[in-house]
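Residue numbers for the sequence shown follow full-length UniProt numbering, so the first one is 1 and each next one is one higher. Following: one structure in C-alpha cells, then a few remarks.
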Amino acid sequence: MTLPPAPNIQAGSPFAQLPAEVLTRITRWIPTVDLSAVRQTCKVIERKTFASWSHEFFRKRQFWISTFSLQTLLDIAQHEHLGPMLKHVCIATDRAVEVYTATVANTVVTRRARQDQDYLLNTGVWIEMLTKAFKKLPNLETIDIRDFSSATRFRDGPNAQWYSYGSTTLYKASGVRPQQGSAHIDFDRVFQGVVVAAGRAELSAPNLEVITRSVALKDAFYVSPAIKPAVAEYLGQLKKLHLVLRVSAPEELEDFLHLAKNVTWLRVNYFDRHFDPKAFLEWLGTPCNNDTMDDWAKAVAIATQKDEGLPIAPLNLPLDTLELGGCTTSPEVLKGIVAKLPLRSLSLRRVQLNHPKSQDKGLWADFLESLEGSGIRRLLLSDVTESTGPGIYGQPVIFKKAYKPRELSLPARRYRSEMFKSAAADTEVEPPPVFDSDEDNSDEDEDDDEEDEDGEDDDEDAEDDVDEVDDDDDVDMA
C-alpha cells in the first residue's frame, strides 16, 4: 500500500508565506540571538531572510590578529555565498593581554591568546593568512585599520558594539576582552602588514582607510625593494586613501604617495599640532612645471654630493576630494594646494591658519575670497582658528549666518558662483575673553583686609580645601 505524501508543514505556515520584505521588517529590531532563532525555524524563512541577514552581518566585518579570527575570515572568504557578500574588511589593533584571574583556567586562556598573537606577529603568519583571504574576496572594496569597536550595533541595544570577530569568544572563555585604544599592538607594523598582504594578493579594492582615536601612523610608509613591485601595483589602483599621521619627516610619506599616484580622495588627519605638516603640505602644493622640476633636479644633485637624503619630486595627484584635519599651516600653502590640484571638494577640520607678520585679523576670510573662480563646489570648515602673532594657539573663527557658528558648509546643491565672497563677508574672528583687572585687584585687596582683621593664616582652610578636592550578552556578529 502506498502511503500518502507527508504534508508540507513549512508551506502551510502563514509566517513562512510572508514576503521576504515583510519578514525583514518584522525581524529588523529583534536581538541577534532571536534573529538566529527565527532563521532556524525552517528552510523557507532561512532562505527568505538570507539577503538582509548576510548584508547586515557579512557586508562589513571586523577581525583582529588572532588565529581564530583570521581563520574565520578565511572561512568566510571561501564560502560560496558569503564570500562574494564581503565588501568591507576592518582590521583592528586589539591587543591580547595575559591576565592573572581568580581561576587558573581563565589565566591559561588569556596566556594562550597572548602567545598566539605574539607568534603570528613575530613569524608573519598573520600576513600569509590575510593574503589567502584577500585572494578569495572578489568583491572587496574597502580595507580599514582601526583601534576601536563601533557602537552602532543598534539591534542589540543603544551601546552594543561590533567587536572584532573572536573577541566575544575570548571574553566568554576568560572574562577578559582584548584591549583597544592606547593598548594597541604596533600600529605601523599592522599597516605595513595589511598593505603587503593586499599587494601579494593582487587585490583591486580601491579604498584604504585608517580610522583611529588614540594612535597614528609614524614610520609606516617605507616600502622594501623586495616587495615594492607588488605593493606598487596595489597602491597604484587606490582611489581613496585616508590616513592619521604623526609624521615629522615626510619623505617616506611623499614616496608612498608616488606609488598611490591615482588617488582621487585623500584624507590626512594629524594626531596633534606638535607634528609640523609644513614640509608635506608645501610639497603637496608644489606645481609640477619646468622650473620646479629643474629645482628638484638641482637639489638631488646637491644631496647626492653631500651624501644626504634625496628630496622627493613634486607629484600631480588627480585629487577630486581633499580633507585635512588637526594641523597648522599658512594661507599661502592652502592657496597653493587649491591652485595646483583639480579639487571639487575641500574639507578642513581643526585647521589653524598662522601668519605672524600679518596685521589682518581675517586670514580665513581672505582664503575664502581666494576660492572665487576655483573648481571647488563643496567646502566644509569646522572648528578652524587663526593666529597673527606668536604661539601655537589661535582665535576661533565664527560664521555669523551659518547654522552652527563654528562650522561652514557650502554643499554642491546650493552652489553659486559668488558663495565664497558671501561667506567671507560673514566670517569673523572671535575676540579673546576680556578680564577686568581693576575689579579683580579690588577683590584681592578686600580679601587681604579681611585676613588682616582676622589675624590668622589660612593654612588650615587651605588644607581643608585640598581634602575636599581629593574626595572628589554581547555576541559575535554571526
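We put the CB at the ideal spot given by N, CA and C, even for glycine.
- Burial of TYR163 is indicated by the presence of at least 16 other C-beta atoms within 10 angstroms of its C-beta.
- Shown here, PRO84 sits in a helix according to DSSP, grouped into three states.
- By the neighbour-count criterion, in which 16 or more other beta carbons inside 10 Å mark a residue as buried, ASP34 falls on the exposed side.
- Two segments are said to touch when three or more pairs of C-beta atoms, one from each, lie closer than 8 Å; by this definition the region 103 to 112 does not touch the region 46 to 58.
- Secondary structure note for ARG112: its alpha helix (DSSP H) is the uninterrupted segment 104 to 123.
- In the three-state reduction of the DSSP assignment, PHE63 falls in the strand class.
- Under DSSP, ILE211 takes part in a beta bridge, and its partners are ARG146.
- Within the model, the alpha-carbon separation for MET419 versus TYR403 is close to 16 Å.
- Contact between the region 205 to 218 and the region 229 to 246 is established, with three or more Cβ pairs separated by less than 8 Å.
- Here the region 82 to 90 does not lie against the region 173 to 189, with fewer than 3 beta-carbon pairs under 8 Å apart.
- In the structure shown, the three-state DSSP call for LEU379 is strand.
- Per DSSP, TYR403 lies in no beta strand (DSSP E) segment and is marked neither H nor E.
- Counting along the chain, no alpha helix (DSSP H) covers GLN17, and no H or E run does either.
- Secondary structure of GLN192 (DSSP, three-state): helix.
- For the 8 Å CB-CB criterion, GLU407 and SER387 do not form a contact.
- The beta carbons of GLY199 and GLU233 sit closer together than 8 Å.
- For ARG246, same chain residues with a beta-carbon under 8 Å away, outside a window of 5 residues either side, are ALA216, LEU217, LYS218, TYR270, PHE271, ASP272, PHE275 in chain order.
- Beta-bridge pairing by DSSP links SER345 to THR321, ARG378.
- Within a 10 Å sphere around the beta-carbon of GLN192 sit 16 or more other beta-carbons, which makes this residue buried.
- Going by beta carbons, THR212 and ARG146 fall inside the 8 Å limit.
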